[in-house]
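Numbering (the numbering used here), first residue to last: 368 to 583.
From the three backbone atoms N, C-alpha and C, an ideal C-beta is built for every residue, glycine too.
Contents: one structure, followed by commentary.
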């Protein structure tokens with residue numbers, strides 16, 4: 368763990384920057400001692416909603432199968448509460464435990480969703496929120512997900528990545544392919560990969576939001 372000087376809205380400030388493993392350990396420590404995992408997920412979705420204050424538009428939220436998707440389900444619920452049009456696009460019928468909880472909340476609130484096919488119209492939205500992969504992603508992007516990323520990248524929509532650009536390595540910023548964002552909203556603490564030269568060409572603006580994660 369280290370501190371780096373980050374330029375944020377024209378000001379220099381010191382922020383802690385973590386490895387993926389350090390972030391995972393901080394999550395575990397916080398959940399075991401301070402905040403439930405469901406509450407942390409809600410805080411993440413709420414922080415994303417607040418960060419999008421100036422860009423709350425007709426929104427497509429592209430969801431994978433892990434906790435990153437769960438943040439998207441919380442975001443969808445908040446957009447619906449504020450009468451902002453949104454739709455969930457799911458890559459597969461698979462959920463983390465907390466993700467399933469918030470997805471079920473979306474269904475209870477009649478939030479529109481569909482499982483992605485070749486004909487899905489997520490590129491027709493003004494804003495696309497990328498909740499496909501989290502910081503733990505490693506390896507190769509599956510062919511069907513690669514096709515989705517290519518469509519997102521070629522769209523004219525305002526593109527937002529949650530925590531990290533899907534497909535990017537959280538420690539190195541390397542990516543065979545990843546979502547190219549106008550805005551990336553890092554959650555809890557910045558990760559090394561987000562600040563790398565590799566990541567710079569794929570991130571328009573980078574911010575970090577605090578959700579109360581406690582370092583061990």
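Per DSSP, the bridge partner or partners of residue i
| i | result |
| --- | --- |
| residue 572 | 550 |
| residue 558 | 385 |
Separation of residue j from residue i, as counted between CA atoms
| i | j | result |
| --- | --- | --- |
| residue 417 | residue 541 | 29 Å |
| residue 483 | residue 512 | 10 Å |
| residue 467 | residue 490 | 25 Å |
| residue 372 | residue 388 | Below a pLDDT of 50, predicted positions are generally treated as unreliable, and residue 372, at 38, falls in that range; the measurement from the model is reported next regardless. The alpha-carbon atoms of residue 372 and residue 388 are separated by roughly 21 Å. |
| residue 532 | residue 435 | 11 Å |
| residue 555 | residue 401 | 14 Å |
| residue 566 | residue 524 | 20 Å |
| residue 572 | residue 553 | 11 Å |
| residue 383 | residue 557 | 7 Å |
| residue 583 | residue 469 | 27 Å |
| residue 326 | residue 576 | Residue numbering for the chain in the displayed model covers 368 to 583; residue 326 lies beyond these limits and cannot be assessed. |
| residue 385 | residue 500 | 18 Å |
| residue 510 | residue 431 | 14 Å |
CB contact flag (residue i, residue j, <7 Å)
| i | j | result |
| --- | --- | --- |
| residue 393 | residue 580 | yes |
| residue 451 | residue 423 | yes |
| residue 528 | residue 548 | yes |
| residue 534 | residue 496 | no |
| residue 439 | residue 494 | no |
| residue 415 | residue 442 | yes |
| residue 560 | residue 538 | yes |
| residue 570 | residue 546 | no |
| residue 479 | residue 447 | no |
| residue 437 | residue 403 | no |
Residue interval of the alpha helix (DSSP H) (run including residue i)
| i | result |
| --- | --- |
| residue 473 | 464–475 |
| residue 543 | Note, residue 543: premise wrong, no alpha helix (DSSP H); not H, not E. |
| residue 518 | 510–521 |
| residue 441 | 434–448 |
| residue 565 | 564–567 |
Extent of the continuous beta strand (DSSP E) run through residue i
| i | result |
| --- | --- |
| residue 526 | 525–529 |
| residue 454 | 453–457 |
| residue 481 | 480–482 |
| residue 495 | 494–498 |
Min CB distance residue i to chain D below 7 Å
| i | result |
| --- | --- |
| residue 574 | Of the protein chains in the structure, only one exists, and it is not chain D. |
Review point. For the stretch 404–432, which segments carrying the alpha helix (DSSP H) assignment without a break, of at least 4 residues, lie completely within its bounds, in sequence order?
Key: 404–418
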